[in-house]
Amino acid sequence: MRKKKLGDAWVPPIDVLQCFLNDPEIAPDLNLNNVNYNLFADIIGIFIFASMGTSSNRASYALYELAKRKEYWQELCQEAQEINKKYNGNFKTFDNIDKMVKLNRFIKETFRLNSDILGLPRQCLNDSHYTFMNGYQIPYGRIISLDFLELNFDEKLQGTNPKDFNAYRHNSSVTKLDRNYLLFGFGKHACPGRNYAITLTIITLHHIMLNYYLRTKFENAVPRTHKGFFIGPIKPYESSIENNN
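The number in this note's numbering is simply the position in the sequence shown, starting from 1, with 12 added.
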């Protein structure tokens with residue numbers, strides 16, 4: 013309707029729905045009366061299950077890091093209690109969740125140290141080849157991936173001692189798109205569900221810190237192992253969660 017009203021002045025939004033409508037298999041000629049709803053529903057279903065798996069996986073990494081990092085417990089728990097008191101236990105808006113600055117930075121550092129080796133695959137679509145700034149060329153059709161380990165552990169990009177956990181390393185939100193932090197991608201192709209994933213993780217840890225005590229024999233993080241290009245499962249260790257009420 014907005015396209016008909018605005019005509020040539022209409023600027024399509026950059027979102028997932030518009031991406032689907034631009035797909036000729038889903039909406040030929042952008043005709044909303046001729047939408048392949050079955051294909052549309054299938055793709056949405058894939059997105060839902062993909063977001064559940066990756067989000068819960070990332071939340072589990074953050075929980076394990078929280079259990080190990082005793083030096084951060086007091087500050088993070090104090091922030092959680094202050095936020096809970098200020099909003100009477102009701103923090104349903106993104107603005108309220110954004111107030112948890114320390115927890116946000118803790119999660120960002122967790123994700124930096126718990127990432128896959130490779131990610132963000134892209135295919136060369138240039139007619140013959142693509143030439144990088146250093147002169148290296150890739151042919152048409154070649155798929156390349158970003159080396160996350162080189163990016164996440166580069167001292168010039170991440171600061172001193174990049175292999176060490178430091179929750180105060182970051183000054184920006186984990187959902188902010190940054191060329192030095194590409195967990196969620198960059199530009200218009202960035203992950204559209206990143207706010208959902210981080211909100212899920214923040215609420216989970218916030219609730220746990222308010223209601224439970226974490227117990228573990230590990231005070232320092234155990235280095236992650238990788239299976240092929242991907243980070244391996246979390247190594248089990250002796251820990252417990254106790255209700256503090």
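Positions of the beta carbon are idealized from the N, C-alpha and C atoms, including for glycine. Note that the structure is a prediction, hence the values are computed from the model and not measured.
Check, Outcome
"Restricting to runs no shorter than 4 residues, where is the alpha helix (DSSP H) found entirely within the stretch 165-197?", "167-170"
"Per DSSP, residue 147 is paired with what?", "Beta-bridge pairing links residue 147 to no other residue."
"Quick check for students: name the residue ranges of the alpha helix (DSSP H) that lie wholly in the stretch 62-110, counting only runs of 4 or more.", "85-98 and 106-109"
"Given this structure, state the Cα-to-Cα distance separating residue 76 from residue 89, to the nearest angstrom.", "16 Å"
"Per DSSP, which residues does residue 159 bridge with? Please list them.", "130"
"The alpha helix (DSSP H) spanning residue 152 covers which residue range?", "Neither: residue 152 is in no alpha helix (DSSP H) and is coded neither H nor E."
"Apart from the five residues on each side of it in sequence, which residues of its chain come closer than 8 Å, Cβ to Cβ, to residue 233?", "Because the pLDDT of residue 233 is 47, which lies under 50, any placement of that residue in the model is unreliable, and the question is left without a value."
"First and last residue of the beta strand (DSSP E) that includes residue 226?", "224-228"
"Out of 162, 200, 209 and 226, which one is the CA nearest neighbour of residue 109?", "209"
"Give me the Cβ distance between residue 294 and residue 53, rounded to the nearest whole Å; I'm assuming they're in contact under 8 Å.", "Since the first residue of the chain shown is 13 and the last is 257, residue 294 is not available in this structure."
"Is it buried or exposed for residue 120, if we count other Cβ within 10 angstroms and need 16 for buried?", "buried"
"Give the secondary structure of residue 207 by DSSP, where H, G and I count as helix, E and B as strand, and everything else as coil.", "helix"
"Just tell me which of 148, 48, 129 and 38 has its CA closest to the CA of residue 165.", "129"
"Nearest to residue 155 by alpha carbon, out of 56, 135 and 32?", "135"
"Between residue 93 and the rest of its own chain, which residues show a CB-CB distance below 6 Å, the 5 nearest in sequence each way excluded?", "none"
"To which residues does DSSP link residue 141 through a beta bridge?", "151"
"Give the straight-line distance between the Cα atoms of residue 31 and residue 50, rounded to the nearest whole angstrom.", "16 Å"
"Using beta-carbon positions only, say whether residue 59 and residue 84 come within less than 8 Å of one another.", "no"
"On the three-state DSSP scale, how would you describe residue 45?", "coil"
"What is the rounded straight-line gap between the Cα of residue 215 and the Cα of residue 63?", "16 Å"
"Go through its chain and collect everything with a Cβ distance to residue 123's Cβ below 6 Å, but skip five positions before and after it.", "195"
"Check for me: the alpha helix (DSSP H) holding residue 200 runs from which residue to which?", "Segment: none, residue 200 is in no alpha helix (DSSP H) and carries neither H nor E."
"What number of angstroms, rounded off, separates the C-alpha of residue 260 from the C-alpha of residue 131?", "Residue 260 lies beyond the range of the chain shown here (13 to 257); nothing can be said about it."
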